[in-house]
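Notes follow once the structure below has been shown.
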Amino acid sequence: MDLVASCKEKLAYFRIKELKDVLTHLGLSKQGKKQDLVERILVVLSDDQVSKLWAKKNAVGKEQVAQLVDDIYRKMQVSAAPDLASKGQCVSDSSNVKIKGEIDDQSFQSETKVRCLCGISTEKESMIKCEDRRCNVWQHISCVIIPEKPMESNPPYPDTFYCEICRLTRADPFWLSVAHPLYPVKLTTSNFPADG
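To convert, note that position 74 of the sequence shown is 74 in UniProt numbering; the numbers rise steadily by one, no gaps.
Written out as structure tokens, the structure is:
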């Protein structure tokens, strides 16, 4: 994939805030609609004469612009953008290029997310992972797999498991979950009789 196509694909996921950040770094105007901002960045990347003049003026070339777009794209990946940057589609220099399927050990460890219904985010006991590729959250098996019979010690594990957020998303794809439907709450028991 060439430089312009790769950046164009990434810029499609940018919000106006990220586009303005790129334009600020480039020293270009930040006025206009989203499409105008995207086109302004793409002109610097695609038009050879414009980029040569622009590079002489600001001492920045196409590769630096592509690196800037890639860096901002990586920062916003945490939200919801697909993982294009780690699939080997980096365009800056050969030291940053990852072969498709190669996993960086540090990024893999930092991406392990534990979010359980019990509110404890430690990996103390058996865990199960959400199958949604955007979520990949880990939860305690004892908290999310509830046996049908209370005396059953080892309930069967499902073939595919989705966390509560992903089940809502899969049930209604037009539903946009911006927060957790219910926050974990620790229930406390009391010694008071039930009648008051």
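Just so it is clear, CB atoms sit at the ideal spot from N, CA and C, and this is done for glycine as well.
Under DSSP, residue 128 shares a beta bridge with 139.
A buried status is given to residue 70, since no fewer than 16 other beta-carbon atoms sit within 10 Å of its beta-carbon. Under the three-state reduction of DSSP output, residue 113 falls in the strand class. Beta-carbon to beta-carbon, residue 22 and residue 45 are separated by about 11 Å, too far to satisfy the 8 Å threshold.
Relative to the Cα of residue 20, the nearest Cα in the group 12, 13, 29 belongs to 29. In the structure shown, residue 151 falls within a coil segment according to DSSP collapsed to helix, strand and coil. Using a Cβ distance threshold of 8 Å, residue 136 and residue 143 do not count as a contacting pair. Taking every protein chain shown into account, the CB of residue 121 has fewer than 16 other CB atoms within 10 angstroms, so this residue is exposed. Of the residues 156, 133, 150, 4, the one whose Cα lies closest to the Cα of residue 141 is 156.
Residue 115 places its beta carbon less than 8 Å from that of residue 139. Bounds of the alpha helix (DSSP H) holding residue 46 are 34-46.
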